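Trainee: Below is a structure I'd like to ask you about.
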Amino acid sequence: MALARLLTQVENDSPEGRAALAELFPYTGKAHLIGVTGAPGTGKSSLVNQLALHYRKIGDQRVAIVAVDPSSPFTGGAVLGDRVRMRDLAGDEGVFIRSMATRGSLGGIAQKTASVVQVFDAAGYEIILIETVGAGQSEVDVARLAHTTLVVEAPGLGDEIQAIKAGILEIADVLVINKADRPGVENTERALRSTLELAHPMKRVSPALAGGARVRHHGQAMTVATPETDSRIWIPPINKTVATEGKGIEEVAASIARHAGHLRQNGDWQRRDRARLESELELLLREELMDRFLERIPQEAYDELIENVVNRNISPYEAVRSLLNSK
Amino acid sequence: MTDRKIRVLVAKPGLDGHDRGAKVVARALRDAGMEVIYTGLRQTPEMIAEAALQEDVDVVGLSILSGAHMALAPRILELLKKNGQDQVKVFIGGIIPDEDMPRLKEMGITGIYGPGASTDEIIRDVREAIELRGA
Numbered sequence: 000m001a002l003a004r005l006l007t008q009v010e011n012d013s014p015e016g017r018a019a020l021a022e023l024f025p026y027t028g029k030a031h032l033i034g035v036t037g038a039p040g041t042g043k044s045s046l047v048n049q050l051a052l053h054y055r056k057i058g059d060q061r062v063a064i065v066a067v068d069p070s071s072p073f074t075g076g077a078v079l080g081d082r083v084r085m086r087d088l089a090g091d092e093g094v095f096i097r098s099m100a101t102r103g104s105l106g107g108i109a110q111k112t113a114s115v116v117q118v119f120d121a122a123g124y125e126i127i128l129i130e131t132v133g134a135g136q137s138e139v140d141v142a143r144l145a146h147t148t149l150v151v152e153a154p155g156l157g158d159e160i161q162a163i164k165a166g167i168l169e170i171a172d173v174l175v176i177n178k179a180d181r182p183g184v185e186n187t188e189r190a191l192r193s194t195l196e197l198a199h200p201m202k203r204v205s206p207a208l209a210g211g212a213r214v215r216h217h218g219q220a221m222t223v224a225t226p227e228t229d230s231r232i233w234i235p236p237i238n239k240t241v242a243t244e245g246k247g248i249e250e251v252a253a254s255i256a257r258h259a260g261h262l263r264q265n266g267d268w269q270r271r272d273r274a275r276l277e278s279e280l281e282l283l284l285r286e287e288l289m290d291r292f293l294e295r296i297p298q299e300a301y302d303e304l305i306e307n308v309v310n311r312n313i314s315p316y317e318a319v320r321s322l323l324n325s326k
Numbered sequence: 000m001t002d003r004k005i006r007v008l009v010a011k012p013g014l015d016g017h018d019r020g021a022k023v024v025a026r027a028l029r030d031a032g033m034e035v036i037y038t039g040l041r042q043t044p045e046m047i048a049e050a051a052l053q054e055d056v057d058v059v060g061l062s063i064l065s066g067a068h069m070a071l072a073p074r075i076l077e078l079l080k081k082n083g084q085d086q087v088k089v090f091i092g093g094i095i096p097d098e099d100m101p102r103l104k105e106m107g108i109t110g111i112y113g114p115g116a117s118t119d120e121i122i123r124d125v126r127e128a129i130e131l132r133g134a
């Protein structure tokens, strides 16, 4: 009860919530934060469900799930439906599922998701799975929050041009092709693999060519030297799953574990931690400065200024300058 | 953030598979600005109470069309109470015979809605119940 209520206070940014976060903060930093993102309908919730089951089975690790769904931009209401796919976890006291609405945030998670995750971390949950809203191309905030980010794809969603665009694929630490029993899975895998090869031209991404290989090029037989693998660079593995049937989950969990090992080995774990806290600090500072600044501006003056902008008397830039210069 | 969001769990306990009503209500509450956690079909009272607890909801809406309301409703109320969630308001929608209504209300069900009930009425009652309780 206490934990659930605390999460509400933190989500609502109440004074009690802020005080509790301050007290809990020294106890955070122990959990492995795993982000799960991907387009709507790729099977994020089902995958999260299976991963949680897996972590419960292999060791006595407590698992928290933070599942984010979008708020309506018009009414602020939301339907949070991720629990529908997580019914296998019901009745297990070692699993805590919390649904969150984005409440106006556009990066795929809510503004307070990081704080909610901190509460779970301090409460001793070793694994925290963060499921984003159905993400398109640029909802990439989860990568800043999580140690390991899974990007979930499904067959039939896009071609290689989609795969070379900037954005969501770039944040993947592990790529998961879910619904791998569907037709077109080879095409999806090929597209993702070629994207990885473009991103890592000096690496051998295709296992077939590892260790040097003889290939034919314009009728000429030639040997392709494969460069030394650089252990400092992480190339996202591609795992295939059928989450509704629990297939391929162990491979995904193994990839996640290898990624955690990789981060710890070369200091990236601390680097990511630092980057995350830095961006959180910056966000809070911005929010606080904005609030404090607006407090000093009389509402009438502000309204008048907006009126002036609407009437095209001054530009938004000029309006900002006049706000900053007013005392 | 001016006021805190009303959080509602919409659940379908028992074995009937008709969830259109539950979805209509979930959607209506969403459009009224509430955060609705939808759990899907065939939930046990234990699953519903657990979800209500973890999600720290203000309201639980049960959709029951199976006729098992006199068994399911008291069980769910009892579990909520056991978890320290006495303050959660429970509403039922579905096929509820008139003669059962007084007993359900006595048990602590806040509102009961049959076929043809308007979603505006449900929204109004939910808001009122929360205001009376004091958020």
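Protein chains in written order, with numbering that gives the first Met the number 0: chain P, 0 to 326; chain G, 0 to 134. A virtual CB, placed ideally from N, CA and C, is assigned to each residue, including glycine. These figures come from a predicted structure and were not determined experimentally.
For chain P, is any of its Cβ atoms less than 7 Å away from the one on Ile121/G?
Mentor: It does not; no Cβ of chain P falls within 7 Å.
Trainee: Please tell me whether Val35/P has its Cβ less than 7 Å away from any Cβ of chain G.
Mentor: Val35/P does not count as touching chain G.
Trainee: Going by alpha carbons, who is nearest to Gly133/P out of Thr41/P, Lys246/P, Lys111/P and Val116/P?
Mentor: Here the closest residue by C-alpha is Thr41/P.
Trainee: Looking at Asn177/P and Val151/P, is the spacing between their C-beta atoms short of 7 Å?
Mentor: In contact: Val151/P and Asn177/P (Cβ atoms closer than 7 Å).
Trainee: Is the Cβ of Arg285/P closer than 7 Å to any Cβ of chain G?
Mentor: Judged by the 7 Å Cβ criterion, Arg285/P is not in contact with chain G.
Trainee: Are the beta-carbon atoms of Ile121/G and Ile95/G separated by less than 7 Å?
Mentor: No, Cβ-Cβ distance for Ile121/G and Ile95/G is not below 7 Å.
Trainee: Using alpha carbons as the reference points, say which of Leu32/P, Arg143/P, Ile313/P and Glu196/P lies closest to Arg61/P.
Mentor: The candidate whose alpha carbon is nearest that of Arg61/P is Leu32/P.
Trainee: What residues of chain P sit near Val23/G, judged by a beta carbon separation below 7 Å?
Mentor: Per Cβ cutoff of 7 Å: no residues; Val23/G is ~12 Å from chain P at best.
Trainee: Run through the DSSP bridge pairs and tell me what Ser62/G is partnered with.
Mentor: Paired residue(s): Gly92/G.
Trainee: Taking C-beta pairs closer than 8 Å, name the residues in chain P that Glu49/G reaches, listed in chain order.
Mentor: Near Glu49/G (Cβ distances below 8 Å), the residues of chain P are Ala89 and Gly90.
Trainee: Does any residue of chain P bring its CB to less than 7 Å from the CB of Met33/G?
Mentor: Output row for Met33/G: interface = yes.
Trainee: On the DSSP letters alone, give me the boundaries of the alpha helix (DSSP H) that Leu14/G sits inside.
Mentor: Where Leu14/G is concerned, there is no enclosing alpha helix (DSSP H), given that its DSSP letter is neither H nor E.
Trainee: Quick check: the stretch 240 to 253 of chain P against the stretch 44 to 54 of chain P, are at least 3 beta-carbon pairs closer than 8 Å?
Mentor: The stretch 44 to 54 of chain P is in contact with the stretch 240 to 253 of chain P.
Trainee: Quick one: which chain P residues come within Cβ less than 8 Å of Tyr37/G?
Mentor: Under the 8 Å cutoff, chain P gives Val78, Leu79, Gly80, Arg82 and Val83.
Trainee: If we cut at 7 Å on Cβ distances, does Arg102/G have a partner in chain P?
Mentor: No, no contact with chain P.
Trainee: Have a look at Arg320/P, Asn324/P, Arg271/P and Ile129/P and flag the residue whose alpha-carbon is nearest the alpha-carbon of Arg143/P.
Mentor: The shortest C-alpha separation from Arg143/P is found at Arg271/P.
Trainee: Can you tell me where the alpha helix (DSSP H) holding Lys239/P begins and where it ends?
Mentor: Unbroken run through Lys239/P is the beta strand (DSSP E), Ile237 to Lys239; no alpha helix (DSSP H).
Trainee: Relative to the alpha-carbon of Ala116/G, which residue among Gly92/G, Ala70/G, Asp99/G and Asp97/G has its alpha-carbon at the smallest distance?
Mentor: Out of Gly92/G, Ala70/G, Asp99/G and Asp97/G, Gly92/G has the C-alpha closest to the C-alpha of Ala116/G.
Trainee: Is the distance from the Cβ of Val308/P to the Cβ of Ala318/P below 7 Å?
Mentor: Closer than 7 Å, so yes.
Trainee: Tell me whether Met289/P sits in a helix, a strand or coil according to DSSP, three-state version.
Mentor: Helix at Met289/P.
Trainee: Let me confirm a value: Gly60/G is counted as buried when at least 16 other C-beta atoms fall within 10 Å, else exposed. Which label applies?
Mentor: Buried: at least 16 other Cβ atoms inside 10 Å.
Trainee: Please check the pair Ile64/P and Glu130/P, which I expect to be a contact at CB under 8 Å, by giving their CB distance rounded to whole angstroms.
Mentor: At roughly 7 Å, the Cβ-Cβ gap stays under 8 Å, so Ile64/P and Glu130/P are in contact.
Trainee: For Arg97/P, is the classification buried or exposed, using 16 other Cβ atoms within 10 angstroms of its Cβ as the cut-off for buried?
Mentor: Arg97/P should be labelled buried.
Trainee: Give the interface partners of Phe24/P over in chain G, defined as CB-CB distance under 8 Å, in chain order.
Mentor: The contacting residues do not exist; Phe24/P stays about 21 Å from chain G at best.
Trainee: Can you give me the C-alpha to C-alpha distance between Leu322/P and Asn312/P, rounded to a whole angstrom?
Mentor: Each residue's alpha carbon lies about 15 Å from the other.
Trainee: Tell me the DSSP secondary structure of Val125/G in three-state form.
Mentor: DSSP places Val125/G in helix when its eight states are reduced to three.
Trainee: Between which two residues does the beta strand (DSSP E) harbouring Gly34/P extend?
Mentor: Start and end: His31 to Gly37.
Trainee: Please specify which runs of the alpha helix (DSSP H), each continuous and at least 4 residues long, are wholly inside the stretch 247 to 282 of chain P, giving them in chain order.
Mentor: Here the runs fully enclosed are 248 to 264.
Trainee: Measure from the alpha carbon of Ala242/P to the alpha carbon of each residue in Ala252/P, Arg257/P, Ile127/P and Ile234/P, then state which is nearest.
Mentor: Considering only alpha carbons, the answer is Ala252/P.
Trainee: Grab the span of the alpha helix (DSSP H) containing Met46/G for me, first residue to last.
Mentor: Its alpha helix (DSSP H) spans residues Pro44 to Glu54.
Trainee: Nearest to Ala89/P by alpha carbon, out of Gly39/G, Ala27/G and Asp30/G?
Mentor: The candidate whose alpha carbon is nearest that of Ala89/P is Gly39/G.
Trainee: Please report whether the beta-carbon of Phe119/P lies at a distance below 7 Å from any beta-carbon of chain G.
Mentor: Judged by the 7 Å Cβ criterion, Phe119/P is not in contact with chain G.
Trainee: Which bits of chain P does Leu79/G rub up against, with CB to CB less than 8 Å?
Mentor: What Leu79/G touches in chain P: nothing, since even the nearest Cβ is about 11 Å away.
Trainee: Which stretch, first to last residue, makes up the alpha helix (DSSP H) that contains Thr187/P?
Mentor: Element bounds for Thr187/P: Val184 to Ala198.
Trainee: Thinking C-beta only, is Pro235/P closer than 7 Å to Ala171/P?
Mentor: Cβ atoms of Ala171/P and Pro235/P: closer than 7 Å.
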